[in-house]
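For reference, the structure discussed in these notes is given below.
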Amino acid sequence: MRVLVTGGAGFIGSHLCERLVSLGHDVVCIDNFNDFYDPRLKKANIKGIRMRTYRADIRDYSKLQRIFRKEKPSKIVHLAAMAGVRPSIKAPGLYNEVNVTGTLNLLELSRLHKVGHFIFGSSSSVYGMNSRVPFSEDDATDNMISPYAATKRIGEYYCRVYSSLHGMDITCLRFFTVYGPRCRPDLAAMKFMTKIDSNEPLEFYGDGSTMRDYTYVDDIVDGIVAALGKRFRYEIINLGDSKPVKLKDMLQTIEAALKKKAIVIRKPIPPGDVVATFADIRKAKKLLGYRPKVAFRIGIAKMAKWYRETR
Ligand SMILES: NC(=O)c1ccc[n+]([C@@H]2O[C@H](COP(=O)([O-])OP(=O)(O)OC[C@H]3O[C@@H](n4cnc5c(N)ncnc54)[C@H](O)[C@@H]3O)[C@@H](O)[C@H]2O)c1
Numbered sequence: 487m488r489v490l491v492t493g494g495a496g497f498i499g500s501h502l503c504e505r506l507v508s509l510g511h512d513v514v515c516i517d518n519f520n521d522f523y524d525p526r527l528k529k530a531n532i533k534g535i536r537m538r539t540y541r542a543d544i545r546d547y548s549k550l551q552r553i554f555r556k557e558k559p560s561k562i563v564h565l566a567a568m569a570g571v572r573p574s575i576k577a578p579g580l581y582n583e584v585n586v587t588g589t590l591n592l593l594e595l596s597r598l599h600k601v602g603h604f605i606f607g608s609s610s611s612v613y614g615m616n617s618r619v620p621f622s623e624d625d626a627t628d629n630m631i632s633p634y635a636a637t638k639r640i641g642e643y644y645c646r647v648y649s650s651l652h653g654m655d656i657t658c659l660r661f662f663t664v665y666g667p668r669c670r671p672d673l674a675a676m677k678f679m680t681k682i683d684s685n686e687p688l689e690f691y692g693d694g695s696t697m698r699d700y701t702y703v704d705d706i707v708d709g710i711v712a713a714l715g716k717r718f719r720y721e722i723i724n725l726g727d728s729k730p731v732k733l734k735d736m737l738q739t740i741e742a743a744l745k746k747k748a749i750v751i752r753k754p755i756p757p758g759d760v761v762a763t764f765a766d767i768r769k770a771k772k773l774l775g776y777r778p779k780v781a782f783r784i785g786i787a788k789m790a791k792w793y794r795e796t797r
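In this text, residue positions in the sequence shown follow the working numbering: the first is 487, and each later residue adds one.
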């Protein structure tokens with residue numbers, strides 16, 4: 487199977503590409519290696535993965551068109567995006583161009599090239615400030631509090647339209663705070679690990695009671711690969727661990743893994759940050775046979791091992 491992975495040089499994308507290649511698939515990666523974080527990390531992420539990589543921007547329709555004509559992918563996993571809640575507040579226009587227009591470009595080309603199955607990397611942020619937990623796919627998404635969340639929800643809406651209008655098989659997977667080796671440097675678990683290890687003070691938001699449903703990257707990849715093996719006309723499916731961890735416990739787990747204490751600077755919770763995320767994963771279990779396997783403490787230990795080996 488020839489799979490096109492957008493954002494394939496990123497954190498989740500590189501793990502997915504590696505897995506797909508190891509399963510014997512023909513993988514094509516598109517990434518623009520932007521400087522949202524150090525592009526050298528992205529190059530390192532994909533070093534040694536046997537796939538064809540195109541440096542291309544998903545906003546550039548004609549360049550994408552040339553790649554589609556040449557590669558004729560049978561399936562697409564669309565992960566390229568401007569990620570991150572807080573930076574989206576400063577650059578909503580950029581987030582909209584990449585996450586909405588870029589997604590629309592890929593849907594349109596997938597329609598024209600009769601791509602069999604389109605998987606969209608969405609986010610738990612669409613649940614926003616919903617207070618009923620765990621978050622279920624049927625819950626309302628009227629409480630989003632960041633431009634990033636809005637762009638992901640709009641992406642899902644476009645997927646829905648393309649599925650019903652053009653009969654395309656599309657699955658939107660809502661990822662819940664992913665962590666693990668090659669983690670994005672802006673994510674809290676990675677920031678904490680870096681700061682603690684280098685004895686630098688870290689910013690700790692709120693009283694530590696905010697919760698995130700941290701999900702180990704291999705579990706997310708399991709879910710994406712399972713979705714690639716199924717065909718649904720249109721489904722939205724949560725991929726989380728379904729065991730939320732408090733910020734203060736996350737910090738302690740990282741301290742224990744590194745055997746070092748953090749220097750903490752307390753700050754208020756920034757705008758755009760939600761209080762809690764917590765995935766209801768019954769649908770993923772039922773439709774994908776998804777079973778997250780890596781407990782948070784084990785996942786952080788694996789991430790710390792990778793961190794130490796690569797520094
Ligand atoms: N990491 C998480 O916790 C998390 C949670 C929910 C959803 N997601 C979503 O999963 C996907 C992957 O996230 P990630 O954490 O691996 O982020 P990442 O930033 O490491 O990966 C995204 C990749 O997309 C590429 N990219 C960005 N803009 C592009 C453009 N215009 N054209 C081509 N490539 C472009 C980047 O260079 C990067 O390599 C994203 O869609 C993100 O919104 C991630």
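Even for Gly, the Cβ is constructed at its ideal location relative to N, Cα and C.
Asked, Found
"First and last residue of the uninterrupted alpha helix (DSSP H) at ARG526", "525 to 532"
"C-alpha gap between SER596 and VAL619, whole angstroms", "35 Å"
"Status (buried if at least 16 other CB within 10 Å, exposed otherwise) for THR739", "buried"
"C-alpha distance - HIS501 paired with VAL703, whole-angstrom precision", "8 Å"
"For ASP672, the three-state DSSP class (helix, strand or coil)", "coil"
"Buried or exposed by the 16-neighbour rule on C-beta atoms within 10 Å, applied to MET615", "exposed"
"Backbone CA spacing between PHE662 and GLY726 [nearest angstrom]", "5 Å"
"ALA495: CB within 8 Å of a non-hydrogen atom of ligand 3", "In the structure shown, ligand 3 is absent; the only ligands present are ligand 1."
"Sequence-distant residues of its chain with Cβ nearer than 6 Å to GLY692 (five each side left out)", "ILE755"
"Inter-stretch contact at 8 Å, needing at least 3 Cβ pairs: the stretch 634 to 650 / the stretch 694 to 708", "no"
"Residue(s) in a DSSP beta bridge with HIS501", "According to DSSP, HIS501 bridges with nothing at all."
"For GLU780, the first and last residue of its enclosing beta strand (DSSP E)", "Here residue 780 turns out to be Val, not Glu, going by the sequence shown. No beta strand (DSSP E) contains VAL780, which DSSP labels as neither H nor E."
"Among ASN591, THR539, ASN520, the one whose alpha carbon lies nearest that of GLY494", "THR539"
"Selected residue, minimal CA-CA separation from SER807, among ASP766, GLY758, TYR793", "Only positions 487 to 797 of the chain appear in the structure, and residue 807 is not among them; the question remains open."
"Pairwise C-alpha distance: ASP512 and SER560", "10 Å"
"Any non-hydrogen atom of ligand 1 closer than 8 Å to LYS528 Cβ", "yes"
"Chain B contact for TYR700 (CB, 9 Å cutoff)", "Among the chains in the structure shown there is no chain B, since it carries only a single protein chain."
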